[in-house]
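Below is one structure; the comments refer to it alone.
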Amino acid sequence: MNTYFTVSNLNQMSALEVHRIYKLRVDVFVNEQQCPYAEIDDTDALPDTFHIRANDRAGALAGYARIHPDTGAGFRAKCGGGVDIDDDRVLWQFGRFCLAPGSRGTGLGAAIMKDALKLAKEQNPDADVALTAQTPLRDYYESYGFRVCGDEFDWDGMMHLPMVRPAG
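Just so we're aligned, residue 1 is where the sequence shown starts under full-length UniProt numbering, counting upward by one.
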């Protein structure tokens with residue numbers, strides 16, 4: 001699959017690009033995974049949130065992730081507490097990672113993950129990267145150096161694990 005990658009803030013995108021992001025996220029998380037929650041949030045519009053997009057040659061959105069700075073306290077709050085991270089520590093929050101059905105199993109997910117981790121390191125080499133993984137994806141994220149840093153919790157009907165990848 002030939003793809004091209006774009007990284008930008010929401011205010012740098014066209015209305016059509018934003019629509020494609022929201023459509024893919026809703027299609028995957030709300031419809032396919034049957035997890036009805038507020039998919040569109042204020043984090044998307046923050047000036048320091050980066051949206052990583054992989055488009056196919058025809059311009060269709062094949063994969064997506066976002067990454068933004070957060071604090072240990074912010075991450076702890078998202079995970080319902082119980083997370084072993086210093087409240088004052090700045091980290092990068094990785095999330096909303098999804099692939100269009102036709103892009104799965106192609107290696108595109110690995111490319112997006114590597115780009116996100118590279119971007120986080122370029123922005124702040126001393127910051128950890130944190131995420132809330134759907135529990136069945138624990139091994140996948142561990143293969144990228146993430147480790148579980150708290151208790152499993154229910155997030156809108158789906159079990160998740162807080163995970164962190166130490167800086168370095």
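Just so you know, even glycine gets a beta-carbon here, dropped at the ideal spot from N, CA and C.
query                                                                                                                 : result
Would Leu119 and Phe50 qualify as a contact pair, given that the criterion is a beta-carbon distance under 8 Å?       : yes
Would you mind sorting Leu61 into buried or exposed? The rule is 16 or more other CB atoms within 10 Å of its CB.     : buried
So for Pro101, helix, strand or coil by DSSP?                                                                         : helix
Who are Arg165's beta bridge partners in DSSP?                                                                        : Val129
Between the Cα of Leu131 and the Cα atoms of Gly168, Asn124, His68, Asp87, which residue gives the shortest distance? : His68
Note the first and the last residue of the continuous alpha helix (DSSP H) segment covering Gly63.                    : Unbroken run through Gly63 is the beta strand (DSSP E), 61–71; no alpha helix (DSSP H).
With H, G and I counted as helix, E and B as strand and the rest as coil, what does DSSP make of Ile40?               : coil
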